[in-house]
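Take a look at the structure below.
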Amino acid sequence: YNLWAADRDHQINSEIAAGRQVVGLLMNTPDWAAQFPKEYGTSIPKGLYLPYTDPKNYWANFVKLIAKHYKGRIDEWILWNEVSIQSGQWKTWAGSVEDYAQLVKVAYLAAKSVNPKAQIVLYGDPYWYDHGAFFTRLMKDLSKDPHAAANGDYFDVANLHLYSRPRDYVTIITLYNKIMARDGIHKPMWISETNAVPYNDPARPYARSGYFGSLQ
Numbered sequence: 031y032n033l034w035a036a037d038r039d040h041q042i043n044s045e046i047a048a049g050r051q052v053v054g055l056l057m058n059t060p061d062w063a064a065q066f067p068k069e070y071g072t073s074i075p076k077g078l079y080l081p082y083t084d085p086k087n088y089w090a091n092f093v094k095l096i097a098k099h100y101k102g103r104i105d106e107w108i109l110w111n112e113v114s115i116q117s118g119q120w121k122t123w124a125g126s127v128e129d130y131a132q133l134v135k136v137a138y139l140a141a142k143s144v145n146p147k148a149q150i151v152l153y154g155d156p157y158w159y160d161h162g163a164f165f166t167r168l169m170k171d172l173s174k175d176p177h178a179a180a181n182g183d184y185f186d187v188a189n190l191h192l193y194s195r196p197r198d199y200v201t202i203i204t205l206y207n208k209i210m211a212r213d214g215i216h217k218p219m220w221i222s223e224t225n226a227v228p229y230n231d232p233a234r235p236y237a238r239s240g241y242f243g244s245l246q
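Take any residue in the sequence shown, count from 1 to its spot, add 30: that is its number in the working numbering.
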């Protein structure tokens, strides 16, 4: 269950009390914390390549604050959204694959330092944009870090956004598991976004196209 919220502890507490698992999504760099403010929310944070213990690493300090504040209520944290989309309306990340890998490493160390039970979940990967190219490079970057083995490859859960035929899911998940395995990584996989619009629904007819399926 994903909840888009800021400074809404009472609402989050209500969701938890109702028996829902709340997952945090961390994304969008404010201008004051951005390395490149003109990127309007998609910039890498200032000080990202400093140690996670350095006060000038803004991202590390933010992750520590929020992971500590919600410890025991929110322990799973998704890092950004669909960063493999490099242009257009849905672009959320102006950095490189290496920059995102650094974002993941810092978040992992920072979150675990204040909440050992924290789980770092990668961005939701929209397979159809690049067929796993960004994810492949990310796995190589994370796994080659000399401290990767001691730090669980810096993440706990991989993550997919799949909008297509259900029968595609086994193929795509199998592919991503193989991509991870090539670099000695074995992690659970979430599908945190999914849907399929039927083209032959008599209530709302659409022209048949790549992202549409039948009612059946």
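All C-beta atoms in this analysis are idealised placements derived from N, C-alpha and C, irrespective of residue type, glycine included.
Query                                                                                             : Result
The region 126-144 touching the region 206-216, judged by at least three CB pairs closer than 8 Å : no
Delimiting residues of the beta strand (DSSP E) encompassing T224                                 : 219-224
C-alpha gap between R103 and G243, whole angstroms                                                : 37 Å
Run of the alpha helix (DSSP H) containing P107, from where it starts to where it stops           : According to the sequence provided, residue 107 is Trp. The question's Pro does not apply to it. Note, W107: premise wrong, no alpha helix (DSSP H); beta strand (DSSP E) at 106-109.
Run of the beta strand (DSSP E) containing L192, from where it starts to where it stops           : 188-192
Beta-carbon proximity of V136 to W89, cut-off 7 Å                                                 : yes
DSSP-derived helix/strand/coil call for Q116                                                      : coil
For V52, the three-state DSSP class (helix, strand or coil)                                       : coil
Local Cβ density within 10 Å of Y31, reported as buried at 16 or more and exposed below that      : Confidence at Y31 is low in this model, with a pLDDT of 35, below 50, so its placement is unreliable and the value that follows should be read with caution. When all chains shown are included, Y31 counts as exposed.
Residue burial classification, T59 (beta-carbon count within 10 angstroms, cutoff 16)             : buried
Where Y229 falls: helix, strand or coil (DSSP)                                                    : coil
Under the three-state DSSP convention, the category D155 falls into                               : strand
Residue range of the alpha helix (DSSP H) that includes R167                                      : 163-173
Pair within 7 Å by beta-carbon distance, E112 and P75                                             : no
Cβ-based burial, Y153 [other Cβ within 10 Å; buried from 16]                                      : buried
Q149 - DSSP class collapsed to helix/strand/coil                                                  : strand
Start-to-end residues for the alpha helix (DSSP H) that takes in Q65                              : It is not in any alpha helix (DSSP H) - Q65 carries neither H nor E in the DSSP assignment.
With 16 other Cβ atoms within 10 Å as the buried cut-off, status of L168                          : buried
Extent of the continuous alpha helix (DSSP H) to which Q132 belongs                               : 127-144
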